[in-house]
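K.L.:
Before we start, here is the structure in question, set down as structure tokens.
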Amino acid sequence: MEELLSNLDVVTVLVSFVLAFLLGWLWYSPKMFLKPWAAGHGIDTTGPKTGILKPMVAQAAGTLLLAVITNMAAQDGHVGHAVIVAVTVAFFIMSSNLYKNPKACVPARIEAGYILAMVAVMVAVNMVL
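The numbering of the sequence shown is the working numbering, which starts it at 98 and goes up by one.
As structure tokens, this is what we get:
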């Protein structure tokens, strides 16, 4: 494990993580995709925001891991590998949504799009820093 993490740029990982997580707040805001995403999942956005802690912690953990993977790929000059991982995850998210509800195409696309947007932000951060 030490060998895998020896070249990790912690600052770049943290900046990637924070920017991608903030993108999620915008992505799932009323200004962007909250209404169609919530409607597709049958979520009432006008009620109390209960039960969101566990999904947010899971999202944060996944975002941090994607930032680590993207940085590891960038350090090795293989950013395309991180993109392939993100596309794979996006397809898994779409299939999971569609198994749960075959009519949930809109939220599935929104969630998959967010994964792809996150990795685009992370790749950009890795190219700049």
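Heads up, the beta-carbon is just placed ideally off N, CA and C, and yes, glycines get one too. Being a predicted model, the structure only gives us computed values, none of them experimental.
Between Q156 and G121, which are expected to be in contact by the criterion C-beta below 8 angstroms, what is the C-beta distance as a whole number of angstroms?
P.N.:
Along the sequence shown, read from residue 1 onward, the residue named residue 156 stands at position 59. Along the sequence shown, read from residue 1 onward, the residue named residue 121 stands at position 24. Yes, they are in contact, since the Cβ atoms of Q156 and G121 sit about 7 angstroms apart, within 8 angstroms.
K.L.:
Out of curiosity, what's the CA-to-CA distance linking A187 and I212?
P.N.:
Here residue 187 refers to the residue found at position 90 when the sequence shown is read from its first residue. Here residue 212 refers to the residue found at position 115 when the sequence shown is read from its first residue. If you take the alpha carbons of A187 and I212, they lie about 6 angstroms apart.
K.L.:
Do F189 and T160 count as a contact pair if the criterion is CB distance below 7 angstroms?
P.N.:
What you label residue 160 is simply residue 63 of the sequence shown in a count that begins at 1. What you label residue 189 is simply residue 92 of the sequence shown in a count that begins at 1. No, the pair does not count as a contact, with Cβ atoms beyond the cut-off.
K.L.:
Would you give the residue range spanned by the alpha helix (DSSP H) that K132 belongs to?
P.N.:
Position 35 of the sequence shown, counted from the start, is the residue given in the question as residue 132. Note, K132: alpha helix (DSSP H), L131 to H138.
K.L.:
Helix, strand or coil for H175 per DSSP?
P.N.:
Residue mapping note: residue 175 aligns to position 78 of the sequence shown, counting from 1. It is coil, neither helix nor strand.
K.L.:
Since P204 and G137 are thought to touch, with beta carbons under 8 angstroms apart, how far apart are those beta carbons, to the nearest angstrom?
P.N.:
Locating residue 204 in the sequence shown gives position 107, counting from the first residue. Locating residue 137 in the sequence shown gives position 40, counting from the first residue. Rounded, the Cβ-Cβ distance is 3 angstroms, consistent with contact.
K.L.:
If G117 and A164 are in contact, beta carbons under 8 angstroms, what's the gap, nearest whole angstrom?
P.N.:
For this step, residue 117 is matched to residue 20 along the sequence shown. For this step, residue 164 is matched to residue 67 along the sequence shown. Reading the sequence as shown, one finds Ala at residue 117 and not Gly. Yes, A117 and A164 are in contact; Cβ-Cβ is about 7 angstroms, under 8 angstroms.
K.L.:
So, does the CB of I190 fall closer than 7 angstroms to a CB anywhere in chain D?
P.N.:
Among the chains of the structure shown, chain D does not appear; only one protein chain is present.
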